[in-house]
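Number of protein chains: 2
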Amino acid sequence: MQKPLILVTNDDGITAPGLRALISYMRAVGDVVVVAPDSPQSGMGHAITLDSTLYSKKVSIDLEDEAPLEYSCSGTPADCVKLALQELLDRKPDICVSGINHGSNSSINVIYSGTMSAAIEAGIEGVPAIGFSLCDYSWEADFEPARDHIIRIVKQAIEHGIPKGVVLNVNIPPLEKSALKGIKICRQARANWKEKFDKRTNPMGKDYYWLTGEFELLDKGEDTDEWALSQGYISVVPTQFDLTAHHAIQDINNWNL
Amino acid sequence: MQKPLILVTNDDGITAPGLRALISYMRAVGDVVVVAPDSPQSGMGHAITLDSTLYSKKVSIDLEDEAPLEYSCSGTPADCVKLALQELLDRKPDICVSGINHGSNSSINVIYSGTMSAAIEAGIEGVPAIGFSLCDYSWEADFEPARDHIIRIVKQAIEHGIPKGVVLNVNIPPLEKSALKGIKICRQARANWKEKFDKRTNPMGKDYYWLTGEFELLDKGEDTDEWALSQGYISVVPTQFDLTAHHAIQDINNWNL
């Protein structure tokens, strides 16, 4: 039987340790092709490059034998997936995996996430897709404890298929292997960021801001990703790109429009 | 009674005719403050500026008496809303309106939309919000035919309140006033873009791509935004930022994880 073809991408850039870890894990599952941004794209949301040129080149980062085919791309994570599916791959991949992100994409973070935008783009184009994030922003984060769980999630997704219109958002707590309790299927917790703008003055005397903030959890549910992560579980949220709030249609139909 | 405070923003930039039209319409409804990008941000999705500085300055574009307070911002549409709510406004606005976009944000376009990302950011922060888009990409597009409809939608939203966790995505067909049939509350049509990358060679001999594509409607429903627009109606889709595909949770719970 032909091995599954796995498209690997991310938003931290093609040299990020989290991507390199995911590539090595996916080589235990199938044939890997990498198409990833040539520079970090965190916080890019679902941006695409409309008014500007896109460059792509074949690169060799792992120099061992049978290293996977890899392309870097000057665009956003969503651009990478579009370019991979339309131009760079010979056939439709069996699955697209994005990550492993250095940092959480749980709860409301999914909205700002370049990692998840790549997965969602694949989902829109009919390719089963999963975004993986480790809740540790450090470049030296340890991805190994989650290795077996990541491989199992991808194998199960290939075996069962992911429901149409759905993409998986997987977040992993930053724990040792023995402390990881398992996997929970969750809903996205309600939360937002309490922004703070740090206002400074540049050497030319002009004011500027840095965006900072604190995560504010607004949800005590024990069926949420935040709850699962706080208890030592890996959270899996089935995520959709039909944004319709169906429950609100009837309500707004009562307006005088 | 105090007039409602209306935050106006967009993704085409602070000088875009669609924004200038929306500002003038909103002045018939309440007190207006503008915080908009200093340059076009189309296709930015829900990007935010994490690793870079943000600049903002007070600007005067309309020079008439009692012109609204306006700020330009070097960031994305979502940045503009965050900066407005945390730093620039004296009080929480009663509503945030984004647009009028030069071009459609119906169906799957909502995912890539900077216009809607600004509205969604306001929604996340608890401010009722509406994105407006005219399905005409031209800089000379005529916004006037929709004027009264836009004002009515905003007034009704202020009067009734928008359900919590919901943001309105309003798209307007590019028709004369007499041809506009009214307003329909809809769901987001299923669709995607059939991408085509136009591959070229730059003067230095290096290959590059332009992203182009064709919109592919995958949905024949007569309750969708695409259907409403095709029939001459303004479409209003209640849109949510809880991306959980609740219907898929049970299914994935049957996997061997």
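In order, the protein sequences belong to chains U and D. Once you know that position 151 of the first sequence is 151 in the numbering used here, the rest is easy, because the numbers rise by one and skip nothing. Once you know that position 117 of the second sequence is 374 in the numbering used here, the rest is easy, because the numbers rise by one and skip nothing. C-beta: ideal position from N, C-alpha, C; glycine also.
Just checking: is the beta-carbon of residue i within a distance shorter than 8 Å of some beta-carbon in chain U?
i	result
ALA379/D	no
GLN413/D	yes
ASN428/D	no
GLN445/D	yes
ARG348/D	no
ARG409/D	yes
ASP476/D	no
ALA304/D	yes
SER355/D	no
ASP393/D	no
PRO495/D	yes
LEU307/D	yes
VAL423/D	yes
SER313/D	yes
For a contact defined as C-beta to C-beta under 7 Å, what are the partners of residue i on chain U?
i	result
LYS339/D	GLU195 and LEU211
HIS417/D	TRP255
GLU479/D	Those do not exist, as GLU479/D stays about 14 Å from chain U at its closest Cβ, beyond 7 Å.
Sort out for me which residues DSSP pairs residue i with in a bridge.
i	result
TRP467/D	ASP455/D
HIS359/D	LEU391/D
ILE172/U	LEU134/U
LEU474/D	ALA448/D
ILE439/D	It should be noted that the sequence gives Gly, not Ile, for residue 439/D. Paired residues: TYR490/D.
GLN497/D	VAL423/D
SER74/U	DSSP, once it has assigned bridges, lists no residue as partnering SER74/U.
CYS353/D	LEU264/D and ALA386/D
LEU326/D	VAL290/D
THR224/U	ARG187/U
Taking 7 Å as the line, does the beta carbon of residue i fall inside it for any heavy atom of the ligand HEM?
i	result
GLY99/U	No copy of the ligand HEM occurs in the structure displayed, which carries no ligand at all.
Using a Cβ-Cβ cut-off of 8 Å, state whether residue i counts as contacting chain D.
i	result
ALA28/U	no
MET133/U	A quick correction: the sequence has Ser, not Met, at residue 133/U. Not an interface residue.
GLY43/U	yes
PHE241/U	yes
SER117/U	yes
GLU87/U	yes
ILE111/U	yes
TYR35/U	The question names Tyr, but residue 35/U in the sequence shown is Val. Closer than 8 Å: no.
VAL8/U	no
Determine the contact status of residue i and residue j, defining contact as a CB-CB distance below 8 Å.
i	j	result
LYS184/U	ALA228/U	yes
LEU340/D	CYS353/D	no
GLY165/U	GLN240/U	yes
VAL291/D	ILE305/D	no
GLU125/U	LEU89/U	no
GLY275/D	LEU391/D	yes
ALA335/D	GLU378/D	yes
PHE389/D	ASN358/D	yes
GLY371/D	LEU50/U	no
ASP464/D	SER363/D	no
VAL411/D	VAL286/D	yes
VAL384/D	GLN445/D	no
SER313/D	ALA324/D	no
GLY356/D	LEU279/D	yes
PRO294/D	CYS337/D	yes
THR53/U	TRP467/D	yes
ILE108/U	PRO495/D	no
ILE480/D	CYS443/D	Note that residue 480/D is Asp in the sequence shown here, rather than Ile. Contact: yes.
GLY267/U	LEU175/U	Past the boundaries of the shown model lies residue 267/U; chain U is included only from 1 to 257, so the question cannot be answered.
Would you mind telling me which residues of chain U sit closer than 9 Å to residue i, beta carbon to beta carbon, in chain order?
i	result
PRO420/D	ALA245, HIS247, ALA248, ASP251 and ILE252
THR272/D	Ordered by position in chain U, no residue passes the 9 Å Cβ test against THR272/D, which lies about 16 Å from the chain.
Quick one: which chain D residues come within Cβ less than 9 Å of residue i?
i	result
THR53/U	ARG457, ASN459, TYR465, TYR466 and TRP467
ASN192/U	ILE381, GLU382 and GLY383
What residues of chain D sit near residue i, judged by a beta carbon separation below 8 Å?
i	result
ILE108/U	ILE381 and PHE498
How would you list, in chain order, the residues of chain D whose beta-carbon sits under 7 Å from the beta-carbon of residue i?
i	result
ILE185/U	ILE506, ILE509 and ASN510
Residue i touches chain U at which residues, Cβ-Cβ below 8 Å?
i	result
ASP336/D	LEU211
Practice task
Note down, one range per segment and in chain order, each alpha helix (DSSP H) of at least 4 residues found wholly within the segment 264–319 of chain D.
Solution key: 274–283
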